[in-house]
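Engineer:
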Amino acid sequence: MAVFTHITETQAAAHLARFDIGALQTLSPIGAGVENTNYKLSTTAGDYVLTLVERRTPRDALPFIVAFMAHLQKRGIPCPAVIENADGAAIVPLAGRPAVITGFLPGATPERLDPPHAAAAGALLAKMHKAAADFKMQRENPVALPAWKKLIGDCRTAPVYDMLQGELAYLEKSRPWGLPAGAIHADLFPDNAFFKDGRISGVFDFYFSCTDALAYDFMATLDAWCFDDGVFASERARAFSEAYQKIRPLSAAEKKSLPYFGRAAALRIVATRLYDALHPAADAHITPHDPYEHVRILAFHQSENFSC
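In short: position in the sequence shown from 1, add 481, done, that's my numbering.
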């Protein structure tokens, strides 16, 4: 469970009074996620999600995030609707944190991933990349190489510290440039997507969304959907890649870059998870993810040149 900032029903009810979405009935913490505080709001008008934005998302990034979600939703991507108050504001402070209310999406994350789930994720990602082609706002990737260096630098006690330093050196000198880029989700893990009746009914948690190479987003999503505890699931990876490329074929240069971005995407998750494991936030109710799962994914990409 991820709750960093605790709020009461009284606080939530007062906050809701600034929006036209009914009166509060219940307030429940949401178990998924490790970055921001999320509550489910049940009101007389329906169900919503209240997100209090925490340490890794600066307030000045929120206009990009909110606008990107709205842009994708208008183009048929099943993103949650962002709720504005009477003044047209979607970002309204609560308990000292920027807060955003979105619609509550139907469906659930699958307990077990099969090739059809991976194919659905690949198709969705390709549709998002095509839909974002005319999105004009930009945001620098908040967890790119400079952030990895800082996070891993604060993990000197980790047994994999030296290996990660070597990987940082490789990634810094080997980055491929000039590839197709645009607004990307950058964190499309299975627990950030809901399925209903065999189809993806919702995609959410855009707080790492940014402007970066589409091939990086491709491999970040493949790493998330096509490994089981660090073990490569080749059938799911094939389903993911084929579904993506039916909608948006990868260029020859992008295909050549995939081994690099597989390593980069794995290291990004290792960096944030390892840092969080060694530097837990005070007073947070959180179930941390295992950083070593992605250490194993990183080792796979170091030894295998993934291709599609």
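Glycine included, each C-beta is placed from N, C-alpha and C at the ideal position.
#1: State the Cα-Cα distance for the pair glycine 503 and arginine 744, rounded to the nearest angstrom.
#2: Have a look at Ile564, Asp710 and Ile582 and flag the residue whose alpha-carbon is nearest the alpha-carbon of lysine 521.
#3: When DSSP builds the beta bridges, which residues end up paired with threonine 753?
#4: From Phe675, Lys611 and His666, pick the residue whose C-alpha is nearest to that of tyrosine 688; which is it?
#5: Would proline 587 be called buried (16 or more neighbouring beta carbons within 10 Å of its own) or exposed?
#6: Measuring straight from C-alpha to C-alpha, what distance separates threonine 753 and proline 761?
#7: In the segment 492 to 524, which residue ranges form an unbroken alpha helix (DSSP H) of at least 4 residues, counting only runs that do not cross its ends?
#8: Going along the chain, which unbroken runs of the beta strand (DSSP E) with 3 or more residues stay wholly within the segment 518 to 601?
#9: Measuring alpha carbon to alpha carbon, tell me which residue in Ala625, Val641 and Trp629 is nearest alanine 780.
#10: Use the C-beta contact count for threonine 638: other C-beta atoms within 10 angstroms, 16 or more gives buried, fewer gives exposed.
#11: Measuring straight from C-alpha to C-alpha, what distance separates histidine 792 and alanine 720?
#12: With 16 as the cutoff for other CB atoms within 10 Å, does proline 559 come out buried or exposed?
#13: Under 8 Å Cβ to Cβ from tyrosine 606, same chain only, skipping five residues before and after it: list those, please.
#14: Using DSSP with H/G/I as helix, E/B as strand and the rest coil, what is valine 641?
#15: How big is the Cα-Cα spacing for threonine 486 and glutamine 619?
#16: How do the segment 707 to 715 and the segment 771 to 787 stand: do at least 3 beta-carbon pairs fall below 8 Å, yes or no?
#17: Name, in chain order, the residues that DSSP records as bridge partners for arginine 680.
#18: Would you mind giving the Cβ-Cβ distance between cysteine 789 and serine 738, rounded to the nearest angstrom? I have them listed as a contact below 8 Å.
#19: Can you give the beta carbon distance from isoleucine 728 to lysine 555, rounded, assuming they're within the 8 Å contact cut?
#20: If we ignore side chains and look at the alpha-carbon of each, how far apart do alanine 613 and alanine 600 end up?
#21: Go through its chain and collect everything with a Cβ distance to phenylalanine 549's Cβ below 8 Å, but skip five positions before and after it.
Structural biologist: On the basis of the data shown:
#1: 46 Å
#2: Ile582
#3: DSSP, once it has assigned bridges, lists no residue as partnering threonine 753.
#4: His666
#5: exposed
#6: 11 Å
#7: none
#8: 518 to 524, 527 to 533 and 580 to 584
#9: Val641
#10: exposed
#11: What the structure shows of the chain is the stretch from 482 to 789, and residue 792 is not part of that stretch, so it cannot be assessed.
#12: Residue burial annotation: proline 559 is buried, with at least 16 other C-beta atoms found within 10 angstroms of its C-beta.
#13: First, the residue type needs correcting, since residue 606 is leucine and not tyrosine in the sequence shown. Answer for leucine 606: His666, Leu669, Asp698, Phe699, Thr702 and Tyr725, listed in chain order.
#14: In the structure shown, valine 641 sits in coil (DSSP, three-state: anything other than H, G, I, E or B).
#15: When only Cα atoms are considered, threonine 486 and glutamine 619 end up about 28 Å apart.
#16: yes
#17: Lys677
#18: The pair is not a contact, with the Cβ atoms about 12 Å apart (cut-off 8 Å).
#19: Not confirmed; about 18 Å, so no contact.
#20: 20 Å
#21: Ala613, Phe616, Met618, Ala664, Phe687 and Ser690
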